[in-house]
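Just so we're aligned: the sequence shown equals residues 151 to 226 in my numbering. In this text, a Cβ means the ideal position worked out from N, Cα and C, and glycines have one as well. Remember, predicted model here, so these are calculated numbers, not experimental data. Report on the following structure.
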Amino acid sequence: MACAECGAGVRPLLTIDGTEWDGGSGSWAPVEDAGYTGYHFLGPALDTQITIGRGYTLQVYVCEASYDHPPVQNMQ
Numbered sequence: 151m152a153c154a155e156c157g158a159g160v161r162p163l164l165t166i167d168g169t170e171w172d173g174g175s176g177s178w179a180p181v182e183d184a185g186y187t188g189y190h191f192l193g194p195a196l197d198t199q200i201t202i203g204r205g206y207t208l209q210v211y212v213c214e215a216s217y218d219h220p221p222v223q224n225m226q
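Below, the structure is given as structure tokens:
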């Protein structure tokens, strides 16, 4: 991705996710929730109480050349 203002590269600033963990094999879960076996999107993993799109992750990037340029957003 590139800055829309000047075309310079961008670097990650922030990632926002709608769940804290997904219950997958490569995922982590807090010790307190280790015994939870239900759907991850209905249980304690949803403590963030936010929804990004239909369950996506929102990523925000900033221009490497100037912080005055508008951020670049990406949803995956």
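First and last residue of the beta strand (DSSP E) that includes Pro162? From DSSP, the beta strand (DSSP E) with Pro162 extends over 160-167.
Between which two residues does the beta strand (DSSP E) holding Met225 run? 222-225
Please report the distance separating the alpha-carbon of Glu182 from that of Ala154. 44 Å
Sorted by chain position, which residues of the same chain lie with C-beta nearer than 6 Å to Pro221's C-beta, five sequence neighbours on each side aside? Val210, Val212
Could you say which of Asp218, Gly168, Pro162, Ala184 lies nearest to Asp197 if we only look at CA atoms? Gly168
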